[in-house]
Amino acid sequence: MADNKSLQDHAAEYARLAEEGPPTSLGFSARLNMLWDLAGVAPSIFEGRVLGVIAINPDWREADVRKWLQKDLLPPLQELRNMVRFLVAQLDQAQDAKRWEAFLIYGSPVVSSPVNHALYRADQVRREIASLIFAQVTDEYSIPPASYDADRAFQRCLSLMHKFNIYELQDFQPGHLEPFKNYMFPSE
């Protein structure tokens, strides 16, 4: 104890720094929903995901699952670990379950996204979000369809979504419009 604090001082500091309530992590629900989307084993969030997830493990309570999927509340560590192992096992490519677990809890940039480019592009939900972003950018900047290669611009949109960690439409903010326009439609 180089700082000359007593055990009571350390105990008081510990109590002062301790967090109350269940652990939360900003963005956890979005990352968890993305993993469920990629695994493709439950309906989308708009089509009854909560009930689909409960069907996979009937021991989970609906209120808890809603908190995990919608309120950034972390499940108990063993539940999270088992869920991640199950979901990662559904992915086509060799994925590291421990890296996924860390990514779900801490997010980027603490843990870089384990989603590689091929896996990200194959995800239908991301493609739908990319379509909406594509439409918003072309509308906002009045970019005529004849002035670009649609497939190339769409692939660039997907690529930038991956770099900006855009997993849900709400992750796309007004400040993203300009960078997306410049990347999708570079002046050549």
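Oh and the sequence shown: position 100 is 235 in the working numbering, straight run, nothing missing.
Positions of the beta carbon are idealized from the N, C-alpha and C atoms, including for glycine.
According to DSSP, simplified to helix, strand and coil, what is residue i?
i	result
residue 267	helix
residue 170	helix
residue 161	coil
residue 332	There is no way to answer for residue 332, as the model of the chain reaches only from 136 to 323.
residue 189	helix
residue 248	coil
residue 197	helix
residue 286	helix
residue 180	coil
residue 231	coil
residue 301	coil
residue 322	coil
residue 238	helix
residue 146	helix
residue 324	Any answer about residue 324 is impossible in this case: the structure gives the chain only from 136 up to 323.
residue 260	helix
residue 243	coil
Flag this pair as yes or no: are the beta carbons of residue i and residue j separated by less than 8 Å?
i	j	result
residue 303	residue 177	no
residue 195	residue 167	no
residue 219	residue 236	yes
residue 226	residue 174	yes
residue 191	residue 197	no
Within the continuous alpha helix (DSSP H) that includes residue i, where are the two ends?
i	result
residue 140	First-last for residue 140: undefined, no H or E at that position.
residue 214	212-225
residue 278	First-last for residue 278: undefined, no H or E at that position.
residue 312	312-319
Select from the options the residue whose C-alpha is nearest the C-alpha of residue i.
i	options	result
residue 290	206, 141, 265	265
residue 261	144, 201, 307, 191	307
residue 263	301, 226, 309, 232	301
residue 201	215, 211, 186, 277	186
residue 313	170, 274, 239, 280	274
residue 170	148, 215, 152	215
residue 83	150, 138, 276, 284	Examination of residue 83 is not possible in this model, given that the chain is present from 136 through 323 alone.
residue 298	315, 141, 140	315
residue 151	172, 240, 143	143
request  = Evaluate contact between the region 257-274 and the region 305-322, counting only Cβ atoms and requiring at least three cross-stretch pairs below 8 Å.
outcome  = yes
request  = Indicate whether the contact test is met: 3 or more Cβ pairs, each with one atom in the region 235-247 and one in the region 277-296, closer than 8 Å.
outcome  = no
ask   = Three or more beta-carbon pairs under 8 Å between the region 203-212 and the region 152-165, yes or no?
value = yes
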